[in-house]
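Just so we're aligned: 221 in UniProt numbering is position 221 of the sequence shown, and the numbers increase by one with no gaps anywhere. C-beta atoms are modelled at their ideal positions from N, C-alpha and C, and glycine is treated no differently. For reference, the structure discussed in these notes is given below.
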Amino acid sequence: MLERTTRTIWMATVLMSLLAWGQPHAATAAGPGDGLAATGVRSEALVGTPSAPREVGIEATARGALTVRWASPEDDGGAPVTGYRLVLNPGARSVLVGPDARTYTFTGLADDSEYTFSVTAANSLGQGVPYEYYWPTRTWGLPATPAVGRVTAYRTTVNVEWYWTSTSSPIDDFVVTDLSTRRSLIVPRPAQGRTATVLFDSMDPTIGHSFVVTARNVVGSSDTSGPSETVYVTTEPQAPVITGEIRPNGDVFVSWLRPLGYDRIDLYEVCQHRLDGATVRCQRTRYGDWTFTDSRAGQTFGYTVRASGELGFGPVSQEIRLTTSTGFGSGYHPVTPRRVLDTRYGTGAPKRAVGPGEIVNLLVPSLPAGTRTVTLNLTATGSTASTYLQAWASGSVRPAASNLNVAPGQTVASLVTVPVGSDGRILLRNNTGFVQVIADLAGYTTPTGGSVAVAHPGTRLVDTRTGIGTLPGKLRAGGTLSFGAQSEAGYPEPTAVIVNITATGATSRTHLTAYPSNATQPTASNLNVAAGETVANLAVVRLDDRGHADLTNFAGETHVIIDLVAVYAVDTGAGFIATAPTRAMDTRIGLGAPGAVGSTPVSLALPDVPLGARAVMLRTTVTGANRSGYMQTHPEFSLSGASTLNFRAQQTVGNSTVVPVDARGVVRFSVPEGVQAHLIVDVAGYYRR
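Below, the structure written as structure tokens:
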């Protein structure tokens, strides 16, 4: 009987132990301790059951994984521990492990999420006191955003430093990116510390460099750091870009652009060389230009520049070559007009209209060696938009000045004198829309030989309205009139004249052509006019050996006025010195005059008038006039009766002219009473004796 009772008590005890896992017990919460373990204050165990496990802790050990650690209870209740129950929340995820287990890893958890857990020991007498770990533990998420620290540039390298503060989620490596070049380097996380550096080599010295950093782990990438300061590598400066020009006074002006990316230039060295490479002289300056004076006239020199920085001088620039002016300027060689460019028919350029921003590279044929400038009658027709044309020498910088303005439906001609590049070419650029471009060669200048000019403003050679120089009455279609300059100029051997030709009262669209009287009428033209318009254009006309020229009207009938501007003769007069087109007046912006030209004449003091200058060639443009009128250009103390150009209200009209000047270089402009108009004046060159 006693044996039976003992067996019954033993079986009941085992059953109670198995049922104890489901029985609730009060517990005391525990908190985190040192390192990975956290020890809480355990509750007093129930009699005969284990106390709470000790040294309990939890940590994230992989993506979506939390590992729990514990030690056996201090008191097993008098019976060996038979196992442990672990419960993870949220989700009440519960597992049973054996008595020898001291760790367990929960897997498949959400990224960057918080969890709590409990661990309870049990023995044969039942469930012990649970250890409740109430402090949330977070699974791995994206790394914390790093921050860029010091960035140091030296020679061709840049050292980038960065740091990070949070370690709640692990970091495997970093991606460091140069924002300027999009070049990236991957850097493993250092084994110790919370700072790292990386060295970028072979950096581009012409641009600034700024850097950002991104941290990465198995979950993904952190937000990108803010950009670092912009730094430049310290190397010898690259070669500057050099340009130059001959000033009206014969000086050589050379300028250059600072090498990109270099803000620590100490000085520049600019040198003049003979064509055999020998150095004539060098100068050092902190500034971006230098003027060489007292250069030998009529010779070609090369010019170079180099920059110096912290590590010394960099490479020498590309050489430019400039030819200094002769003492008397260049002699003019007039020719019977011939067409050298016509985009309508593929002459001198492809057979198509010139597009917006397009440049025509024109080789003027049959020019002798040493040609300095060409004089062209430039014509624009068939324009699809209001635009302007610019002309300049090949190999030189495009000027800000324009040479011709044209509106849709117009055909406009303009005389231009353009320096020629060393390759014998000039460049023509259309600004807007599409336009057909025609150019007729009137003459060219060379350093030696040729004719020189004497200004003769205000002399009217022909006026068909009043019968001056010809019979009164309009010039009919195909009709020709003659004019000359020998008697008016007083020189026995005139070779050409500069005249201002005006057509008015035309009955149909037509063009006028001027040429030597002993030559066949060429296909070239000097002026285009529509019915009812009044149009003026400057022309340089070659004379025959008797000093005469003819002018022919193409269609309809029109009145013609011809005003003498200057005469070219052999050995007597002033040679032409071309300059880069320079804007001397623009009343729209207050340059040269405070406002529009009105009834009071406006005087303009031209800058840099060369010593010995006798006349100046100007390109004048009127725009925004309040009413129709005309403009006169004349020397400071005289008033010419001839007009330079004619305009309608709000029309933009330009024309070239030659005006006598003295050493003061003052020119006056006037319009009729009641007219207000804006005026733009560009200097194209001087006649120098």
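Asked: is_contact[A439, chain C] using C-beta, thresh 7 angstroms; Found: Judged by its chain identifiers, the structure shown contains no chain C, having just a single protein chain.
Asked: Own chain partners of R340 with C-beta closer than 6 angstroms, once the 5 adjacent residues on each side are dropped; Found: For the sequence presented, residue 340 should be read as Val rather than Arg. Once the five neighbours on either side are set aside, the close Cβ partners of V340 are G348, V364, A439, L441.
Asked: Nearest-angstrom Cα separation, counted from A530 out to Y686; Found: 33 angstroms
Asked: Straight-line Cα distance separating P188 from V254; Found: 53 angstroms
Asked: Reference Y345, options V231, V437, A584, D423, closest by Cα; Found: V437
Asked: Buried versus exposed, by CB contacts within 10 Å (16 or more), A578; Found: buried
Asked: E74, buried or exposed, once every other Cβ within 10 Å from all chains shown has been counted against 16; Found: exposed
Asked: I58: first and last residue of the uninterrupted beta strand (DSSP E) it sits in; Found: 54-62
Asked: In DSSP terms, what T152 is bridged to; Found: N159
Asked: From G370, T379, P337, T375, residue whose alpha carbon lies closest to that of T343; Found: T379
Asked: The ligand FMN heavy atom lying under 6 angstroms from the CB of A147; Found: Ligands are entirely absent from the displayed structure, and the ligand FMN is therefore not among its contents.
Asked: Beta carbon of V416 nearer than 7 angstroms to that of L376; Found: yes
Asked: Secondary structure of A434, DSSP reduced to three states; Found: In the sequence as displayed, the identity of residue 434 is Phe instead of Ala. The answer is coil: DSSP assigns F434 none of H, G, I, E or B.
Asked: Three or more C-beta pairs below 8 angstroms linking the stretch 423-431 and the stretch 663-672; Found: no
Asked: Integer-rounded CB distance, given that Q676 should sit under 8 angstroms from G590; Found: In fact, because the Cβ distance is near 15 angstroms, the residues do not count as touching under 8 angstroms.
Asked: Complete beta strand (DSSP E) runs within the stretch 321-367 (minimum length 3 residues, chain order); Found: 331-342, 359-363
Asked: V406 beta carbon less than 7 angstroms from that of S383; Found: yes
Asked: Those runs of the beta strand (DSSP E) which lie wholly inside the stretch 472-516 and span at least 3 residues; Found: 480-484, 494-504, 510-516
Asked: The stretch 392-400 in contact with the stretch 470-481 per 3-pair CB rule at 8 angstroms; Found: no
Asked: C-beta atoms of G505 and H559 nearer than 7 angstroms; Found: yes
Asked: Coil, strand or helix - A524 by DSSP; Found: coil
Asked: Segment limits, beta strand (DSSP E) that includes D173; Found: 173-178
Asked: CB of L475 within 7 angstroms of CB of L564, strictly; Found: no
Asked: Local conformation of S656 per DSSP, three classes; Found: strand
Asked: Candidates T107, G126, L96, P136: closest to E114 by CA position; Found: P136
Asked: Limits of the unbroken beta strand (DSSP E) element including F301; Found: 300-309
Asked: Integer-rounded CB distance, given that L404 should sit under 8 angstroms from S414; Found: 4 angstroms
Asked: Local conformation of M203 per DSSP, three classes; Found: coil
Asked: First through last residue of the beta strand (DSSP E) which encompasses Q390; Found: 387-393
Asked: Pair within 7 angstroms by beta-carbon distance, P350 and G433; Found: no
Asked: Unbroken beta strand (DSSP E) run spanning T120, endpoints; Found: 114-123
Asked: Residue from T387, I498, Y134, W140 whose Cα sits closest to the Cα of G220; Found: W140
Asked: Contacting residues, own chain, Cβ-Cβ under 7 angstroms from P607 (five flanking each side not counted); Found: A584
Asked: Nearest-angstrom Cα separation, counted from A307 out to E269; Found: 7 angstroms
Asked: Residue environment, R372, which counts as buried when at least 16 other CB atoms sit within 10 Å; Found: buried
Asked: Top-ranked residue by Cα proximity to G674, from L645, S628, T120, D662; Found: S628
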